[in-house]
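A.B. asks: Chains as they are written, first to last, in this note's numbering: chain G, 9 to 495; chain Z, 639 to 950.
The structure under discussion is supplied below as structure tokens; questions concerning it will follow.
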């Protein structure tokens, strides 16, 4: 009898200590992965490598790259690593996620409004006032000001993981300038070209409305007395690592991509410098951080901002998305209180769980953290991109002592969480030419406008390509996967 | 349209055009002279000097053929090299990424990567022809994307103004450079047939040989070639045609505003009309003078255009 050919996924070795997204304990693929595993098993390694190379070339030509400078000073360009094996989320599972993310962001928006107005939640001692007022992201410039439509977080990126218990947990909220959505759209395009037949079989939810939805959301928060708003995207410039995304979104929305130097403020109105003179700007989707947006208000050395922008904003003549000062709510120290914030404003139980968090500015928590650093993930509260994070199990004794010193010198700056075991997903490893388990998380994208909300049906599945690594951020060598939500 | 973005588009157009002219000139000159009838005159030094002259490099006395090819083709330290021009075109396109179509962006990005990753060894041994033809082919793709995937409005007009300004300048440089060669050959005394080879080479350097043949149906000579490349309003590789292009697209930007004296519209209109009513006999003894005056006027129009629209 003829021996069946060996499929490329047959050599996959499960790791029992982690939740595997694709395979059951028996080694069989889960129901929603069956078709794709069958399909992938029809490929030889050479076929798969060829498709992989074609996709990489397409990304290269699209300009989804970042520059690497070598010693001969010739800039080299690399694509952001992308894995062809998509992460699949069944429809039922997704509904719960979607409801949970929207619930969370609705509550956070009410929380921000309260923090910058009546501060009821602080007076009721649900969230400690010290925690808020000691945050560098709480902006006094936003006090008693209501943004157009009452919206602070027009765009938010909520990061989730799946633990060994198979449940989703919120890892963090990104409420300032979350990035990654352009990769979601580009990844999808790449997979559609390579595995078009799978899409017809699996009925994957589309994600292409995102730029249109974003534009619609931005229109709903136009300043008063504006008929047809002029909307722009503001970028720090083409040397910013997320420039591809900024230009991608502007182009897909059909609106100008401007830099701070293209704008000026005159009598509290914002104008852009066009070939036929000044044109008024009404809504700004800014991808420049708070501290750089207006040198008259924040960092005086900022070359990226627009002098006088905050005055124009406070005068209600221009809308900024996201509103300045939202960073106070995605501070990792505030994260701990989000379930209470949801209950306080919405009178609902949180749909999605937080990861248990220890707060180093609480004496009892701090003591526990200092005694158990080897079992915990310690994170600075005000950093992003995976910077400053330590994972207890990978620290030497000397490093543990160093972390202790850092925490003791500024307990407010640190939180700690049990080492959550991020789920693993079969991922093609170019070095071994085999599929191996790698840790993943999920960034969702939620849009909020005046009386409207939209969540991208999918998201950016980030994958830690280094074996055993739990940090998935691209700045730490992470890659991405397409995320398919099924009907 | 943002002034900064318009500036990017204008320079993108100029660099795309510049790279193509330079690649074509170098290729035609290099290969046509391999079996030229006047082989004596065409020692390799003469050819290489002519290519360097076109590239604006005058200070390379003792230079090998490989060094010349590298300098004009792939050397990023030389801001006039073909690769540098493509790099600048692509950087300008990147700065105006959202103002151009995805198709055009991907075409220009792909073009850059093809040139950037062209193997140096191949280029220096067997690939010079292939490399320079690739530049021409990629430029044709870009032209079709510019015409076919952009709205024919302001952004489009700015790119074309950049391309036509550059075209006038490059055609003038090519004619000047080749006249310089022809002068040297004439001094040595050669037959009409031998000289027709030189005029044919000039036509090929501007990609106008087939058009010229169809138009005159005669062996090319001095009068015929210079008249064709300077005055013919229907040859897309002539100065008159490119000047018309500048005027046509400038009017799209200026929205047909009044042409008071010394406005950009006035100056370009005057130049177009001067060429329209010029005959070869009127300037045959002052070819260099006319070319240089035209070069200066177009450069000045370019500067005024930049000042008025691109530097808010």
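By construction, the Cβ of each residue, glycine as well, lies at the ideal position given by its N, Cα and C atoms.
Compute the Euclidean distance between the alpha carbons of residue 460(G) and residue 737(Z), then round it to the nearest angstrom.
C.D. replies: 29 Å
A.B. asks: Mind checking residue 673(Z): buried by the 16 CB within 10 Å criterion, or exposed?
C.D. replies: exposed
A.B. asks: Mark residue 156(G) as exposed unless 16 or more other C-beta atoms lie within 10 angstroms of its C-beta, in which case mark it buried.
C.D. replies: buried
A.B. asks: For the segment 935-947 of chain Z, list every residue whose C-beta sits within 9 Å of some C-beta in chain G, in sequence order.
C.D. replies: Residues passing the 9 Å Cβ filter: 946, 947.
A.B. asks: Suppose only complete runs of 3+ residues qualify. What are the beta strand (DSSP E) ranges in the segment 281-315 of chain G, listed by chain order?
C.D. replies: 285-289, 291-294
A.B. asks: I'd like to know if residue 270(G) contacts chain Z, where contact means its C-beta is closer than 8 Å to some C-beta of that chain.
C.D. replies: yes
A.B. asks: Using beta carbons (cut-off 8 Å, strictly below), is residue 891(Z) in contact with chain G?
C.D. replies: yes
A.B. asks: Taking Cβ positions, are residue 254(G) and residue 238(G) nearer each other than 8 Å?
C.D. replies: no
A.B. asks: Quick one: is residue 264(G) buried, meaning 16 or more other Cβ sit within 10 Å of its Cβ, or exposed?
C.D. replies: buried
A.B. asks: If you draw a straight line from the alpha carbon of residue 28(G) to that of residue 98(G), how long is it in whole angstroms?
C.D. replies: Whole-angstrom Cα-Cα distance: 15 Å.
A.B. asks: In chain Z, what lies closer than 7 Å to residue 258(G) by C-beta?
C.D. replies: 736
A.B. asks: Going along the segment 38-68 of chain G in order, which residues come within less than 8 Å of chain Z, judged by CB to CB distance?
C.D. replies: 68
A.B. asks: Please list the partners that residue 644(Z) has in chain G, where partner means a Cβ-to-Cβ separation under 9 Å.
C.D. replies: 282, 283
A.B. asks: Among residues of its own chain, excluding the 5 on either side of residue 758(Z), which ones have a beta-carbon nearer than 7 Å to its beta-carbon?
C.D. replies: 712
A.B. asks: Give a yes or no on whether the C-beta atoms belonging to residue 183(G) and residue 167(G) are separated by under 8 Å.
C.D. replies: Against a cut-off of 8 Å, the Cβ pair of residue 167(G) and residue 183(G) comes out as no contact.
A.B. asks: Taking the beta strand (DSSP E) that residue 274(G) belongs to, which residues open and close that run?
C.D. replies: 271-274
A.B. asks: Within the same chain, show all residues whose beta-carbon is closer than 6 Å to that of residue 130(G), passing over the 5 residues directly before and after it, in chain order.
C.D. replies: 137
A.B. asks: According to the Cβ coordinates, are residue 362(G) and residue 376(G) closer than 8 Å?
C.D. replies: no
A.B. asks: I want to verify the contact list: residues of chain G whose CB lies under 9 Å from the CB of residue 837(Z), in sequence order.
C.D. replies: Listed along chain G is no residue with a C-beta nearer than 9 Å to that of residue 837(Z); the closest approach is about 41 Å.
A.B. asks: Just the C-alpha distance for residue 829(Z) and residue 795(Z), rounded to the nearest angstrom, thanks.
C.D. replies: Roughly 46 Å separates the two Cα atoms.
A.B. asks: Quickly, what does DSSP pair residue 454(G) with across the bridge? List them, please.
C.D. replies: 164(G), 463(G)
A.B. asks: Return helix, strand or coil for residue 251(G), following the three-state DSSP convention.
C.D. replies: Correct three-state label for residue 251(G): helix.
A.B. asks: By the DSSP assignment, the alpha helix (DSSP H) with residue 859(Z) in it spans what residues?
C.D. replies: Per DSSP, residue 859(Z) belongs to no alpha helix (DSSP H) and is neither H nor E.
A.B. asks: The segment 290-317 of chain G: which residues have C-beta closer than 9 Å to a C-beta of chain Z, in chain order?
C.D. replies: none
A.B. asks: Could you check where the beta strand (DSSP E) with residue 933(Z) kicks off and where it finishes?
C.D. replies: Segment 925-943 is the alpha helix (DSSP H) holding residue 933(Z); no beta strand (DSSP E) there.
A.B. asks: Between the alpha carbons of residue 755(Z) and residue 150(G), how many angstroms are there, rounded?
C.D. replies: 50 Å
A.B. asks: Pull up the distance between the alpha-carbon of residue 418(G) and that of residue 187(G), whole angstroms please.
C.D. replies: 29 Å
A.B. asks: Would you report the Cα separation of residue 406(G) and residue 173(G), rounded to the nearest angstrom?
C.D. replies: 33 Å
A.B. asks: Pull up the CB-CB distance for residue 259(G) and residue 901(Z), whole angstroms please, since I reckon it's below 8 Å.
C.D. replies: Actually they do not touch by this definition, with Cβ atoms about 34 Å apart.
A.B. asks: Taking only beta-carbon positions, decide if residue 740(Z) is within less than 8 Å of chain G.
C.D. replies: yes
A.B. asks: Helix, strand or coil: how does DSSP classify residue 182(G) here?
C.D. replies: strand
A.B. asks: State yes or no: is the C-beta of residue 347(G) within less than 8 Å of the C-beta of residue 301(G)?
C.D. replies: no
A.B. asks: Let me know the secondary structure DSSP gives residue 84(G) once reduced to three states.
C.D. replies: strand
A.B. asks: Under 8 Å, Cβ to Cβ, is there at least one residue of chain Z near residue 497(G)?
C.D. replies: Lying outside 9 to 495, the shown extent of chain G, residue 497(G) is not represented and no answer is given.
A.B. asks: Mind checking residue 870(Z): buried by the 16 CB within 10 Å criterion, or exposed?
C.D. replies: buried
A.B. asks: Short of 6 Å in beta carbon distance, which residues of its chain neighbour residue 147(G), apart from the five on each side in sequence? Order them along the chain.
C.D. replies: 332, 333
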